[in-house]
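Taking my numbering as reference, the numbering of the sequence shown is continuous, increasing by one, and the terminal residue is 485.
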Amino acid sequence: MEDKDERLLGYWNPEIAVRLVEHNSEDWDYDAHFKHVPPALLPTEIALADALPESTNVRNHPFFDYAGAHPHALVTWVGQELFVTGLFAQLLLLTATSITNVHDRALFDQVPAGEHGPVRDGVARFAHPWLLHELAVSVGIDKRTLRILPPTEEFLRMTAQAMRTPMSALGCLGVGNEKMLVPEYAAVEQAFEKARPEARFRKFLRANIDEDTEHAAIISQVAANLSLGREDRARQYLDGARAGVEARMKYYDDLLDIVSKSE
Numbered sequence: 223m224e225d226k227d228e229r230l231l232g233y234w235n236p237e238i239a240v241r242l243v244e245h246n247s248e249d250w251d252y253d254a255h256f257k258h259v260p261p262a263l264l265p266t267e268i269a270l271a272d273a274l275p276e277s278t279n280v281r282n283h284p285f286f287d288y289a290g291a292h293p294h295a296l297v298t299w300v301g302q303e304l305f306v307t308g309l310f311a312q313l314l315l316l317t318a319t320s321i322t323n324v325h326d327r328a329l330f331d332q333v334p335a336g337e338h339g340p341v342r343d344g345v346a347r348f349a350h351p352w353l354l355h356e357l358a359v360s361v362g363i364d365k366r367t368l369r370i371l372p373p374t375e376e377f378l379r380m381t382a383q384a385m386r387t388p389m390s391a392l393g394c395l396g397v398g399n400e401k402m403l404v405p406e407y408a409a410v411e412q413a414f415e416k417a418r419p420e421a422r423f424r425k426f427l428r429a430n431i432d433e434d435t436e437h438a439a440i441i442s443q444v445a446a447n448l449s450l451g452r453e454d455r456a457r458q459y460l461d462g463a464r465a466g467v468e469a470r471m472k473y474y475d476d477l478l479d480i481v482s483k484s485e
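Below you can see the structure in the form of structure tokens.
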């Protein structure tokens, strides 16, 4: 049997540390690490990427209307979001390791810091994953029977595949996650108001709706700073954003198919 303590730690690839050290030795550049430049204007590609969530009209996806009339769909959504929210926080931290410049990295670090919040008495009471846990408890999710569903697994794999470069990772996480969640979670909130108004959904959804617009703007600014004089980087950001948004829309298509057959 697996030691329970071992499960408190996730996947670790020692090659990441080795490659970081090698890159630091072989390609070290003083200005790359320490130079401060004024915030860059958003390149056209980054502005286009940032407009993608609105163009999808995700808030009107039929999943949310269905969930507003079928409480079991919301319970399924919460259960699957448990597999997503913590992992995205980890992917943000992983992406931070690719940002060499101290100023841009400090700017970016505000995003994972915002996702986790302060710790008091050993508990991150305002961390988005913890608020989701409280929501899960309130809707009666049984952790012993919780399983990841195929749409969720495919969505996460598509997300990982979109993170081919640091810039595409910024686009995928900043647009396909942070910015996409604002209209998406607003629709989920309306569904909860209709179908499960007694659930503890407000803190989790409001934390994301209120904070993720700012988080997305921070990531866009970091991407713009890193794209100065490098159009290829801005294009990578756009590619990652498109892939992230497409993955999330497909996720809702597939999740609706599952919950509509499980009544």
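Cβ coordinates follow ideal geometry from the N, Cα and C atoms, glycine included.
query                                                                                                                                                      : result
Rounded to a whole number of angstroms, what is the C-alpha to C-alpha distance between W558 and L477?                                                     : Nothing can be reported for residue 558: it is not among the residues displayed for the chain, which extend from 223 to 485.
Tell me the DSSP secondary structure of E468 in three-state form.                                                                                          : helix
Using a Cβ-Cβ cutoff of less than 6 Å, which residues in the same chain neighbour L194 once the five nearest sequence positions on both sides are dropped? : Outside the displayed span of the chain (223 to 485) sits residue 194, for which this structure offers no information.
Three or more C-beta pairs closer than 8 Å, one from the region 312–331 and one from the region 269–276: is that the case here?                            : no
Do you know offhand how far T374's Cα is from G398's?                                                                                                      : 15 Å
What is the residue span of the alpha helix (DSSP H) that G299 lies within?                                                                                : At residue 299 the sequence reads Trp, which differs from the Gly that was named. Start and end: 293–318.
For the alpha helix (DSSP H) that contains N246, what are its first and last residues?                                                                     : 236–248
Per DSSP, what kind of secondary structure is S360 in: helix, strand or coil?                                                                              : helix
At the level of alpha carbons, what is the spacing between A384 and R464?                                                                                  : 9 Å
Taking only the alpha-carbon atoms, compute the straight-line gap between N340 and F423 and give it to the nearest angstrom.                               : Per the sequence shown, the amino acid found at residue 340 is Pro instead of Asn. Taking the straight line from one Cα to the other gives about 20 Å.
Please classify S247 as buried or exposed, where buried requires at least 16 other C-beta atoms within 10 Å of its C-beta.                                 : exposed
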